[in-house]
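This report refers to the structure that appears directly beneath it.
Protein chains: 2
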Amino acid sequence: MEIVALAGGVGASKLLVGLAHAMAPENLTIIVNTGDDLEMHGLTICPDLDIVTYTLAGIVNPATGWGIEGDTFATLQFLGRYERETWFNLGDRDLATHIHRSDMLRSGATLSECADSVRRALGVRAHILPMSDQPVRTQIETPAGLLPFQNYLVKHRAEPAVKAIRFDGADRSEPAPGILKAIADARGIVICPSNPLISIGPILAVPGIREALAARRADVVAVCPIVHGMSLKGPTAKMMAEMGIEVSARSIAGMYRDIASRLVIDESDASSRPEIEAAGMSIEITRTVMEAEEDKWWLGHFLVNLLHAKTTNATH
Amino acid sequence: MEIVALAGGVGASKLLVGLAHAMAPENLTIIVNTGDDLEMHGLTICPDLDIVTYTLAGIVNPATGWGIEGDTFATLQFLGRYERETWFNLGDRDLATHIHRSDMLRSGATLSECADSVRRALGVRAHILPMSDQPVRTQIETPAGLLPFQNYLVKHRAEPAVKAIRFDGADRSEPAPGILKAIADARGIVICPSNPLISIGPILAVPGIREALAARRADVVAVCPIVHGMSLKGPTAKMMAEMGIEVSARSIAGMYRDIASRLVIDESDASSRPEIEAAGMSIEITRTVMEAEEDKWWLGHFLVNLLHAKTTNATH
Numbered sequence: 001m002e003i004v005a006l007a008g009g010v011g012a013s014k015l016l017v018g019l020a021h022a023m024a025p026e027n028l029t030i031i032v033n034t035g036d037d038l039e040m041h042g043l044t045i046c047p048d049l050d051i052v053t054y055t056l057a058g059i060v061n062p063a064t065g066w067g068i069e070g071d072t073f074a075t076l077q078f079l080g081r082y083e084r085e086t087w088f089n090l091g092d093r094d095l096a097t098h099i100h101r102s103d104m105l106r107s108g109a110t111l112s113e114c115a116d117s118v119r120r121a122l123g124v125r126a127h128i129l130p131m132s133d134q135p136v137r138t139q140i141e142t143p144a145g146l147l148p149f150q151n152y153l154v155k156h157r158a159e160p161a162v163k164a165i166r167f168d169g170a171d172r173s174e175p176a177p178g179i180l181k182a183i184a185d186a187r188g189i190v191i192c193p194s195n196p197l198i199s200i201g202p203i204l205a206v207p208g209i210r211e212a213l214a215a216r217r218a219d220v221v222a223v224c225p226i227v228h229g230m231s232l233k234g235p236t237a238k239m240m241a242e243m244g245i246e247v248s249a250r251s252i253a254g255m256y257r258d259i260a261s262r263l264v265i266d267e268s269d270a271s272s273r274p275e276i277e278a279a280g281m282s283i284e285i286t287r288t289v290m291e292a293e294e295d296k297w298w299l300g301h302f303l304v305n306l307l308h309a310k311t312t313n314a315t316h
Numbered sequence: 317m318e319i320v321a322l323a324g325g326v327g328a329s330k331l332l333v334g335l336a337h338a339m340a341p342e343n344l345t346i347i348v349n350t351g352d353d354l355e356m357h358g359l360t361i362c363p364d365l366d367i368v369t370y371t372l373a374g375i376v377n378p379a380t381g382w383g384i385e386g387d388t389f390a391t392l393q394f395l396g397r398y399e400r401e402t403w404f405n406l407g408d409r410d411l412a413t414h415i416h417r418s419d420m421l422r423s424g425a426t427l428s429e430c431a432d433s434v435r436r437a438l439g440v441r442a443h444i445l446p447m448s449d450q451p452v453r454t455q456i457e458t459p460a461g462l463l464p465f466q467n468y469l470v471k472h473r474a475e476p477a478v479k480a481i482r483f484d485g486a487d488r489s490e491p492a493p494g495i496l497k498a499i500a501d502a503r504g505i506v507i508c509p510s511n512p513l514i515s516i517g518p519i520l521a522v523p524g525i526r527e528a529l530a531a532r533r534a535d536v537v538a539v540c541p542i543v544h545g546m547s548l549k550g551p552t553a554k555m556m557a558e559m560g561i562e563v564s565a566r567s568i569a570g571m572y573r574d575i576a577s578r579l580v581i582d583e584s585d586a587s588s589r590p591e592i593e594a595a596g597m598s599i600e601i602t603r604t605v606m607e608a609e610e611d612k613w614w615l616g617h618f619l620v621n622l623l624h625a626k627t628t629n630a631t632h
């Protein structure tokens with residue numbers, strides 16, 4: 001059973017571990033946000049691609065959810081001697097990935113080819129695709145000015161208020177090779193519990209992807225990143241509030257209802273079922289908070305069963 | 317008193333420590349071989365520039381004469397996971413230099429500007445100039461084929477016999493800014509005890525440098541890299557023998573007599589004085605083998621005194 005997942009970084013990766021546990025990972029295709037990517041020190045850095053890949057490879061730093069477990073920071077520290085920016089954490093092992101990818105890109109490879117090279121080298125069996133081979137760069141409009149996403153998130157610790165979000169380059173981008181076909185052919189599509197504004201938003205801004213999902217709406221399931229009015233991970237709730245969006249599962253339903261028919265919400269939000277169904281999505285209720293490995297496996301199996309059951313129903 | 321030194325890597329650096337000890341380092345201008353440079357993993361690596369800079373900064377690995385003391389190799393090891401070449405030793409701290417330089421070059425800086433940025437950041441007061449801002453690449457013709465220099469030296473451990481040496485790009489290169497003026501204005505010029513074939517040779521192959529030195533021949537002193545028929549450092553003797561050149565101070569005199577008036581030889585070679593003088597250079601005898609720091613200081617002071625004495629004589 002082929003499944004496609006739309007993913008940001010840390011929040012998505014937990015669920016991806018669960019999905020890869022619940023199915024043959026070769027049949028999982030992950031479309032990853034690249035709006036977070038940045039160029040620094042002449043290197044192209046793709047935080048979400050790397051988080052997803054390192055997590056599925058089993059080498060991610062479990063304390064942070066990004067970077068490589070046990071990594072050191074000797075190069076970054078020495079880059080500081082050259083008065084270079086050191087606010088973006090680049091571990092020594094992690095740098096090998098950026099050096100490898102940047103060299104491939106300069107030699108004419110596409111970002112898709114880089115992502116595939118990295119995941120194969122690290123032994124990841126799931127397919128990992130960047131949302132686009134063209135650069136799309138998320139920019140956050142704040143009272144402090146327009147900030148490139150990592151600048152906002154890491155350097156400014158997501159503190160400035162978000163006035164607006166732009167996906168520079170999205171209008172000139174196209175889905176990476178294989179994305180539209182994977183969406184069209186999949187038995188089911190999962191929108192991971194990532195930040196809808198800056199993790200799933202950029203993916204949907206690539207011309208063609210939103211339409212492809214809408215055409216498969218009956219088979220698209222979103223996992224709600226908001227539980228009991230709070231983000232599962234990162235500044236999602238804060239950003240939604242600053243953008244004037246109610247921080248609730250109902251708002252998430254409002255954002256996804258054109259492309260997804262079902263929303264998985266946490267059991268603690270079960271009482272929101274009526275208002276979400278009124279907003280136009282059907283509801284599935286389970287435990288969505290993933291702390292232990294077992295929580296990830298649980299949610300992964302829940303989703304795989306859900307998509308499988310639906311398919312089985314449809315074919316009988 | 318302004319002094320110019322022509323330098324390769326490890327052998328030269330010992331003497332440069334001595335020169336910088338014997339004079340105000342601000343008055344020392346070092347012209348460094350870049351024929352050894354290589355491109356790897358998308359990075360421009362300049363072994364001799366880095367050896368000279370790290371040595372004068374006091375951070376060189378004393379066990380090897382190259383690299384940074386206490387450096388680790390986490391990035392290089394991880395690059396191996398991407399099936400990249402790992403035979404060229406790149407330490408984590410050292411990589412910061414290559415990343416910094418490569419990013420500067422891609423942003424339009426010259427190699428001279430990179431070298432100056434690195435030496436200033438590391439607190440080196442002597443001026444360090446690459447021989448040229450244009451790429452010159454030493455190639456070694458061997459029975460195993462034509463090998464880029466580091467490939468020959470490191471990957472093949474200088475084992476293949478040397479049939480010929482080429483300096484690709486030299487004919488299209490020009491001296492880095494400041495070199496010709498530094499040579500013209502210096503009170504004295506020192507040719508360090510580097511390999512004449514592949515360390516000093518590339519510098520002399522940059523159009524204009526040999527002529528500039530010849531015009532100052534009276535003030536150019538070479539330190540003989542051959543002591544008692546053996547190299548002070550590295551494969552100099554082996555390469556000379558394979559090229560059909562006698563491994564002796566006399567041969568060195570033959571190679572340098574057009575551009576240098578004096579050759580400093582080790583006291584153990586004192587008996588060669590007549591034949592070297594017959595070859596057209598005057599001789600200075602001292603201890604040239606540098607093991608302890610004191611040996612470097614000794615030779616540095618010896619040379620500074622020699623050049624100073626000459627100037628004093630000339631003005632009286």
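Protein sequence lines, in the order shown, are assigned to chains R and A. Sequence positions in the first sequence follow our numbering and run 1 to 316. Sequence positions in the second sequence follow our numbering and run 317 to 632. Ideal Cβ placement from N, Cα and C applies to all residues, glycine included.
Requested in this report: Quick one: grab the DSSP three-state call for residue 322/A.
Outcome: Here residue 322/A corresponds to residue number 6 of the second sequence, with the count starting at 1. Strand.
Query raised in the report: Which residues, taken in chain order from the segment 428 to 446 of chain A, show a beta carbon closer than 9 Å to some beta carbon of chain R?
Result: For the segment 428 to 446 of chain A, the beta-carbon criterion of a distance under 9 Å to any beta-carbon of chain R is satisfied by 433, 434, 437, 438.
Requested in this report: To the nearest angstrom, report how far apart residue 630/A and residue 493/A are at their CA atoms.
Outcome: Numbered from 1 along the second sequence, position 314 holds the residue referred to as residue 630/A. Numbered from 1 along the second sequence, position 177 holds the residue referred to as residue 493/A. Confidence at residue 630/A is low in this model, with a pLDDT of 46, below 50, so the placement of that residue should be treated as unreliable; the coordinate-derived value is given next. Whole-angstrom Cα-Cα distance: 29 Å.
Query raised in the report: Excluding five sequence neighbours on each side, which residues of the same chain lie with their C-beta closer than 7 Å to the C-beta of residue 585/A?
Result: Within the second sequence, numbered from 1, the residue matching residue 585/A stands at position 269. Shown here for residue 585/A: same chain residues with a beta carbon closer than 7 Å to its own, the five before and five after excluded, namely 543, 544, 565 in chain order.
Query raised in the report: Would the beta-carbon of residue 546/A fall within 8 Å of that of residue 553/A?
Result: Within the second sequence, residue 546/A is the residue found at index 230, counting from 1. Within the second sequence, residue 553/A is the residue found at index 237, counting from 1. Taking 8 Å as the cut-off, the beta carbon of residue 546/A is found closer than this to the beta carbon of residue 553/A.
Query raised in the report: Could you give the residue range of the beta strand (DSSP E) that holds residue 346/A?
Result: As a first step, residue 346/A must be located in the second sequence, where it is residue number 30. Under the DSSP assignment, residue 346/A falls in the beta strand (DSSP E) whose first and last residues are 344 to 348.
Report task. Identify, in the order they occur along the chain, each residue of the same chain with its Cβ nearer than 7 Å to the Cβ of residue 134/R, setting aside the five sequence neighbours on each side. Result -> On the first sequence, position 134 is the one that residue 134/R refers to. Non-local beta-carbon contacts of residue 134/R in its own chain, meaning distances under 7 Å to residues more than five positions away in sequence, involve 169, 172, 173, 174 in chain order.
Query raised in the report: Closer than 8 Å, CB to CB, is residue 85/R near chain A or not?
Result: By 1-based counting over the first sequence, the position of residue 85/R is 85. Interface with chain A (8 Å Cβ-Cβ cutoff): residue 85/R is excluded.
Query raised in the report: Quick one, are the C-beta atoms of residue 16/R and residue 31/R less than 8 Å apart?
Result: As a working mapping, residue 16/R is identified with position 16 in the first sequence. As a working mapping, residue 31/R is identified with position 31 in the first sequence. Taking C-beta atoms as the reference points, residue 16/R and residue 31/R fail to come closer than 8 Å.
Report task. Give the C-beta separation of residue 183/R and residue 189/R to the nearest angstrom, bearing in mind that I take them to be a contact with Cβ-Cβ under 8 Å. Result -> Indexing the first sequence from 1 puts residue 183/R at position 183. Indexing the first sequence from 1 puts residue 189/R at position 189. For residue 183/R against residue 189/R, the beta-carbon gap comes to about 6 Å, under 8 Å, which counts as contact.
Requested in this report: Output the boundary residues of the alpha helix (DSSP H) element that contains residue 183/R.
Outcome: Within the first sequence, numbered from 1, the residue matching residue 183/R stands at position 183. From DSSP, the alpha helix (DSSP H) with residue 183/R extends over 179 to 185.
Report task. Note the first and the last residue of the continuous alpha helix (DSSP H) segment covering residue 443/A. Result -> As a working note, residue 443/A is residue 127 in the second sequence. Following the DSSP letters along the chain, one finds residue 443/A in no alpha helix (DSSP H) but inside the beta strand (DSSP E) bounded by residues 443 to 446.
Query raised in the report: If you count every other CB in all the chains shown that lies within 10 Å of the CB of residue 422/A, and 16 or more means buried, which is it?
Result: Stepping through the second sequence from its first residue, residue 422/A is reached at position 106. Classification of residue 422/A: exposed, given that the 10 Å Cβ count is below 16.
Query raised in the report: Any chance the segment 60 to 72 of chain R sits against the segment 371 to 384 of chain A, with 3 or more Cβ pairs inside 8 Å?
Result: Contact fails: fewer than three Cβ-Cβ distances are below 8 Å.
Report task. Please state whether DSSP places residue 239/R in a helix, a strand or coil. Result -> Here the question's residue 239/R lines up with position 239 in the first sequence. Residue 239/R falls in the helix class under three-state DSSP.
Query raised in the report: Using a Cβ-Cβ distance under 8 Å, would residue 268/R count as near chain A?
Result: Locating residue 268/R in the first sequence gives position 268, where the first residue counts as 1. With 8 Å as the cut-off, residue 268/R does not count as an interface residue toward chain A.
Requested in this report: Would you kindly work out how many angstroms separate the C-alpha atoms of residue 69/R and residue 510/A, rounded to a whole number?
Outcome: The sequence position of residue 69/R within the first sequence is 69, counting from 1. The sequence position of residue 510/A within the second sequence is 194, counting from 1. Going by the C-alpha atoms only, they are around 44 Å apart.
Query - chain A contacts from the segment 29 to 47 of chain R (Cβ-Cβ distance under 8 Å) - result: Listed in sequence order: 41, 42, 43.
Requested in this report: Could you work out which residues of chain A lie near residue 63/R, taking near to mean beta carbons separated by less than 8 Å?
Outcome: Residue mapping note: residue 63/R aligns to position 63 of the first sequence, counting from 1. In chain order: nothing, as chain A lies at least about 18 Å away.
**Report entry** Within chain R, the residues that residue 426/A reaches when beta carbons sit closer than 8 Å
**Finding:** Residue mapping note: residue 426/A aligns to position 110 of the second sequence, counting from 1. Within chain R, no residue comes near residue 426/A; the closest Cβ sits about 16 Å away, beyond 8 Å.
Query - Distance between residue 623/A and residue 146/R (C-alpha atoms, nearest Å) - result: Indexing the first sequence from 1 puts residue 146/R at position 146. Indexing the second sequence from 1 puts residue 623/A at position 307. In a straight line, the C-alpha of residue 146/R is about 60 Å away from that of residue 623/A.
**Report entry** Bounding residues of the alpha helix (DSSP H) (the contiguous stretch that carries residue 162/R)
**Finding:** On the first sequence, residue 162/R is found 162 positions in, with the first residue counted as 1. Note, residue 162/R: premise wrong, no alpha helix (DSSP H); not H, not E.
Report task. Locate the beta strand (DSSP E) running through residue 171/R, then write down its first and last residues. Result -> Start at 1 with the first residue of the first sequence, and residue 171/R comes out as number 171. Here residue 171/R belongs to no beta strand (DSSP E), and DSSP marks it neither H nor E.
**Report entry** 8 Å Cβ cutoff, residue 95/R in contact with chain A
**Finding:** Here the question's residue 95/R lines up with position 95 in the first sequence. So, interface residue.
Query raised in the report: So the beta strand (DSSP E) residue 145/R belongs to, where does it begin and stop?
Result: As a working note, residue 145/R is residue 145 in the first sequence. Looking at the DSSP string, the run of the beta strand (DSSP E) that includes residue 145/R is 145 to 148.
Query - Per-residue burial, residue 634/A [other beta carbons within 10 Å of its own, 16 or more giving buried] - result: Only positions 317 to 632 of chain A appear in the structure, and residue 634/A is not among them; the question remains open.
Query - Backbone CA spacing between residue 540/A and residue 481/A [nearest angstrom] - result: Counting from 1 along the second sequence, the entry for residue 540/A is found at position 224. Counting from 1 along the second sequence, the entry for residue 481/A is found at position 165. When rounded, the distance between both Cα atoms is 21 Å.
**Report entry** Where residue 282/R falls, given that 16 or more other Cβ within 10 Å makes a residue buried
**Finding:** In the first sequence, the residue the question calls residue 282/R occupies position 282. When all chains shown are included, residue 282/R counts as exposed.
Requested in this report: Round the Cβ separation of residue 514/A and residue 351/A to the nearest angstrom and send it over; I've been treating them as touching at under 8 Å.
Outcome: Within the second sequence, numbered from 1, the residue matching residue 514/A stands at position 198. Within the second sequence, numbered from 1, the residue matching residue 351/A stands at position 35. Between the beta-carbon of residue 514/A and that of residue 351/A there is about 7 Å, and that keeps the pair under the 8 Å contact cut.
**Report entry** Three-state secondary structure assigned by DSSP to residue 452/A
**Finding:** Locating residue 452/A in the second sequence gives position 136, where the first residue counts as 1. Coil at residue 452/A, not helix or strand.
**Report entry** Range covered by the alpha helix (DSSP H) that runs through residue 571/A
**Finding:** Mapped onto the second sequence, residue 571/A falls at position 255. It spans 565 to 572 - the alpha helix (DSSP H) in which residue 571/A sits, taken as one unbroken run.
Report task. Give the DSSP bridge partners of residue 582/A, in chain order. Result -> Reading the second sequence from its first residue, position 266 is the one you call residue 582/A. Answer by DSSP bridge pairing, in chain order: 602/A.
Requested in this report: For residue 14/R, count neighbouring C-beta atoms within 10 Å of its own C-beta (all shown protein chains included) and say buried if the count is 16 or more, exposed if not.
Outcome: Within the first sequence, residue 14/R is the residue found at index 14, counting from 1. With 16 or more Cβ atoms within 10 Å of its Cβ, residue 14/R is classed as buried.
Query raised in the report: How many angstroms separate the CA atom of residue 23/R from the CA atom of residue 304/R?
Result: Numbered from its first residue, the first sequence carries residue 23/R at position 23. Numbered from its first residue, the first sequence carries residue 304/R at position 304. Between the alpha carbons of residue 23/R and residue 304/R lies a gap of roughly 7 Å.
Report task. If I'm right that residue 288/R touches residue 411/A with Cβ under 8 Å, what's the distance once you round it to whole angstroms? Result -> Looking up residue 288/R in the first sequence gives position 288. Looking up residue 411/A in the second sequence gives position 95. Contact doesn't hold; Cβ gap of about 41 Å is too wide.
Report task. Could you pull out every residue in the same chain whose Cβ sits closer than 8 Å to the Cβ of residue 67/R, ignoring the five residues on either side in sequence? Result -> Sequence index remark: in the first sequence, residue 67/R carries index 67 (1-based). 54, 60, 61, 89, 91, 94.
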